[in-house]
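All remarks here apply to the structure that follows.
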Amino acid sequence: EAGVAQSPRYKIIEKRQSVAFWCNPISGHATLYWYQQILGQGPKLLIQFQNNGVVDDSQLPKDRFSAERLKGVDSTLKIQPAKLEDSAVYLCASSSTPGDYVGYTFGSGTRLTVV
Amino acid sequence: AQSVTQLDSQVPVFEEAPVELRCNYSSSVSVYLFWYVQYPNQGLQLLLKYLSGSTLVKGINGFEAEFNKSQTSFHLRKPSVHISDTAEYFCAALNTGGFKTIFGAGTRLFVKA
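Residue numbers (the numbering used here), protein chains in the order written: chain C, 464 to 578; chain U, 634 to 746.
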């Protein structure tokens with residue numbers, strides 16, 4: 464079974480620029496999550512999709528972050544404009560159902576550095 | 634509100650020694666509990682989980698954890714660590730019937746030769 468694919472692996476941008484991350488979940492997984500992991504901290508949920516609908520985006524800074532999952536499969540997370548404090552690893556995860564008690568499958572993440 | 638506290642940010646230990654990584658949770662309802670491991674430059678990988686039943690759960694790579702409801706703890710243990718166990722370990726909790734998994738801040742395990 465292929466894992467969760469994310470790209471790019473690394474990205475360096477200047478503040479106020481825009482950036483986009485891509486995620487392709489495990490085939491058949493209806494639920495997709497984007498997490499932000501700041502250095503020295505645990506992952507923080509940004510947004511959760513169930514198919515192509517948003518289940519939870521309460522911690523997504525909507526003035527600068529956006530995410531979509533148009534066909535209920537892959538997803539894109541965008542930041543525009545980026546701030547220095549957005550430097551973090553952005554992790555995508557998927558599960559077969561929301562609140563999946565078997566655990567999530569994570570991608571390798573995209574490490575964003577804002578300078 | 635649900636929260637997860639990992640009591641140690643870093644744990645240095647010598648190879649072949651036992652180790653315990655501590656985790657406490659807070660929740661007003663029953664929870665499922667998880668431990669994930671993150672190797673450098675990789676995503677998180679599920680080590681083990683507690684759903685119900687036996688309070689001692691065994692996971693991959695020789696790790697085990699014990700659920701203690703009275704102390705609201707879920708500590709991770711390994712009787713003999715290897716250099717390859719050097720990684721960051723995250724405890725996580727999911728309310729039964731809920732949708733959001735909450736992660737602790739992580740514990741960096743450093744195994745020395």
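Using N, Cα and C, we set each Cβ at its ideal position, and we do this for glycine too.
DSSP, reduced to helix, strand and coil, places GLY695(U) within a helical segment of the structure shown. In the three-state DSSP reduction, GLU648(U) falls in the coil class, being neither helix nor strand.
Contact of LEU709(U) with chain C is not assigned, every C-beta pair being separated by 8 Å or more. Counting only Cβ-Cβ distances below 7 Å, ALA726(U) has no contacts in chain C at all, with the closest Cβ about 11 Å away. Only TYR496, TYR498, GLN500, GLY503, GLN504, GLY505, PRO506, LYS507, LEU508, GLN511, GLN513 and VAL518 from the segment 495–518 of chain C bring a Cβ to less than 9 Å from some Cβ of chain U.
If you ignore the 5 residues before and after GLY466(C), its C-beta comes within less than 8 Å of the C-beta of ILE489, THR568 and GLY570, all in its own chain and listed in chain order. LYS745(U) and HIS715(U) have their C-alpha atoms some 9 Å from each other. Cβ-Cβ separation between LEU709(U) and GLU653(U): approximately 7 Å, consistent with a contact (criterion under 8 Å).
Taking C-beta atoms as the reference points, VAL552(C) and THR539(C) fail to come closer than 8 Å.
From the beta-carbon of LYS682(U), the residues of chain C found nearer than 9 Å are TYR564, VAL565 and GLY566. In this structure, the CA atom of THR576(C) is about 17 Å from the CA atom of PRO673(U). The three-state reading of DSSP puts ILE716(U) in helix, counting H, G and I together.
Closest by C-alpha distance to ARG532(C), out of SER481(C), PHE512(C), GLN543(C) and VAL578(C), is PHE512(C).
Taking the Cβ atoms as the reference, ARG527(C) lies roughly 19 Å from PRO506(C), outside the contact range of under 8 Å.
At a cut-off of 8 Å between beta-carbon atoms, GLY692(U) makes no contact with chain C. Inclusion of ASP519(C) and PHE732(U) in the CB contact set at 8 Å is warranted, their separation being smaller than that value.
The DSSP assignment places complete beta strand (DSSP E) segments of no fewer than 3 residues inside the segment 495–525 of chain C at 507–513 and 516–519, in order along the chain.
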